[in-house]
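A.B. asks: This is the structure I have questions about; it appears just below.
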Amino acid sequence: MKRNHVFSVRNLVMMALLVAIQIILARYLSIQSEAFRVSFETIPLALAGMWLGPLAGVIVALVADILGTVLSGIGLYFPPLSLGPMVFAFLCGISAKYIFRSSMAETKDAWKVLLTTIVAGFINSFVVGVAAFTWYQIAVMGTEGSFWTLAAINFTSRLATKPLTIVVSALLVFVINRAAYRPVISRIVSQRHA
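For the sequence shown, this note's numbering assigns the number 70 to the initial residue and increments by one for each residue that follows.
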């Protein structure tokens, strides 16, 4: 995909819609306590990466994270926390565009959508997310302890909810992709190249 296609009017409208959906899912429809967080905020990021490409997915993730932080009134934006969503959207986009190289709407390719979303979800949550949140705890919250000890605690605490959330998110991405790609998204994508 050429850069001018990423910033076409159609893509920008779709990206804005996916940013809005991501903010709503992340900031207003998530369940959060001090011990755990359940959110389906990765669904629009997976769709952005798969439908619009890796660059558009990364942009959606970054813009949604910055706007979501501002809108939720947290006040402090910590850039490393954006890395997880950006990596997730990038992996979904790269997988769809370069690894699997086929329409994500085909029934025979359903496993590709599920596999992509699950693998990217685990990398996001258990690798990038753990490292970024541990860094946030030390740098911003002033939590005492070594990086590796805090990272191990964060990793363990995520085991309670993240695997199930990742699998459910992957199933929802599959259902949404299946319902929307062929009748709507494929027409927008094909008009981009015309």
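Here a beta-carbon is modelled for each residue, glycine too, at the ideal position from N, C-alpha and C.
If you scan the stretch 79-129 from start to end, which runs of the alpha helix (DSSP H) of 4 or more residues do you find wholly inside it?
C.D. replies: 111-121
A.B. asks: In this structure, how does DSSP classify Ser77 when only helix, strand and coil are distinguished?
C.D. replies: Reduced to three states, the DSSP call for Ser77 is coil.
A.B. asks: Give me the residue from Pro123, Ala220 and Gln206 with the minimum Cα distance to Ala165.
C.D. replies: Pro123
A.B. asks: Unbroken alpha helix (DSSP H) runs of length 4 or more, entirely within the stretch 197-258: which are they?
C.D. replies: 198-208, 216-227 and 231-249
A.B. asks: Which two residues bound the contiguous alpha helix (DSSP H) that contains Leu152?
C.D. replies: Leu152 to Ile163
A.B. asks: Under the rule that 16 or more other beta-carbon atoms within 10 Å means buried, what is Ala201, buried or exposed?
C.D. replies: buried
A.B. asks: Anyone know if the C-beta pair for Ala125 and Val242 falls short of 8 angstroms?
C.D. replies: No; because the gap between Cβ atoms is not below 8 angstroms, this pair is not in contact.
A.B. asks: Applying the 10 Å Cβ sphere with the 16-neighbour rule, what's the burial state of Trp120?
C.D. replies: The C-beta of Trp120 has 16 or more other C-beta atoms within 10 Å across all chains shown, which makes the residue buried.
A.B. asks: Sorted by chain position, which residues of the same chain lie with C-beta nearer than 7 angstroms to Val271's C-beta, five sequence neighbours on each side aside?
C.D. replies: Because the chain here runs from 70 to 263, residue 271 falls outside it and cannot be looked at.
A.B. asks: To the nearest whole angstrom, what separates the beta carbons of Pro149 and Trp204, a pair I think is in contact under 8 angstroms?
C.D. replies: Confirmed, about 5 angstroms.
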